[in-house]
Amino acid sequence: MRIALYEPEIAGNVGAILRLGACLGTAIDLIEPMGFAWDDRRVRRAAMDYIDHVDFTRHADFAAFQGAHAGQRRVLFTTKATMSAYAFDYRADDILLFGKESAGVPDTIAQVCDAQVRIPLRAQVRSLNLATAAALALGEALRQTGALPG
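Under the working numbering, the first residue of the sequence shown is numbered 63, with each subsequent residue one higher.
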């Protein structure tokens with residue numbers, strides 16, 4: 063199981079997701095360009111020393127990410143999907159893909175994903191914070207696949 067972030071814009075979210083990956087034993091893929099300088103203190107502040115315990119890879123662009131993970135199923139989390147993330151059947155080698163905070167992913171990226179799911183929300187709100195959405199999604203995927211640590 064992996065989490066992939068497409069062009070993330072907020073360093074604090076990336077740091078929190080790196081920490082999530084460290085705590086739950088999940089690799090993280092960061093698809094550039096990012097909306098902040100990588101040496102930004104906020105990434106380390108959010109990830110703290112957990113950044114030393116997570117397997118993460120930075121990819122120059124989506125094509126490089128695809129090449130590195132050919133054959134793995136990409137599950138896109140998007141508010142545009144109709145299928146609930148809780149009704150989807152995850153596999154242990156899935157990649158949980160999340161778009162940039164301000165705009166998600168372009169249609170060209172969504173079209174090459176193997177599945178699209180959404181986290182059910184009340185009608186009065188648009189979306190969750192990226193790190194919160196990743197935590198909910200990863201928790202469910204690991205639960206389903208029997209891969210929760212401990």
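Quick reminder that beta carbons are idealized off the backbone N, C-alpha and C, glycines included.
Within its chain, find whatever has a CB closer than 6 Å to the CB of T161; leave out the 5 residues flanking it on each side and keep chain order.
-> In the sequence shown, residue 161 corresponds to position 99, counting from 1. The question names Thr, but residue 161 is Gly in the sequence shown. Close CB contacts of G161 within its chain, under the 6 Å cut and outside five residues either way in sequence, are with Y68 and V167 (chain order).
In the DSSP assignment, what residue or residues form a beta bridge with G129?
-> Here residue 129 refers to the residue found at position 67 when the sequence shown is read from its first residue. Paired residue(s): none; G129 is not in a bridge.
Rounded C-alpha distance that separates R188 from A109 = For the purposes of this step, residue 188 is identified with residue 126 of the sequence shown, where counting begins at 1. For the purposes of this step, residue 109 is identified with residue 47 of the sequence shown, where counting begins at 1. One C-alpha to the other measures close to 26 Å.
Identify whether R180 lies in helix, strand or coil by the three-state DSSP scheme.
-> One-based indexing of the sequence shown puts residue 180 at position 118. Of the three classes helix, strand and coil, the one that applies to R180 here is strand, per DSSP.
Only counting runs of 4 or more residues, tell me where the alpha helix (DSSP H) segments fall wholly within the segment 148 to 208, in order along the chain.
-> Here the runs fully enclosed are 169 to 173 and 192 to 207.
Whole-Å CB distance - R64 paired with A89, under 8 Å assumed = What you label residue 64 is simply residue 2 of the sequence shown in a count that begins at 1. What you label residue 89 is simply residue 27 of the sequence shown in a count that begins at 1. The Cβ separation is near 5 Å, so the contact holds.
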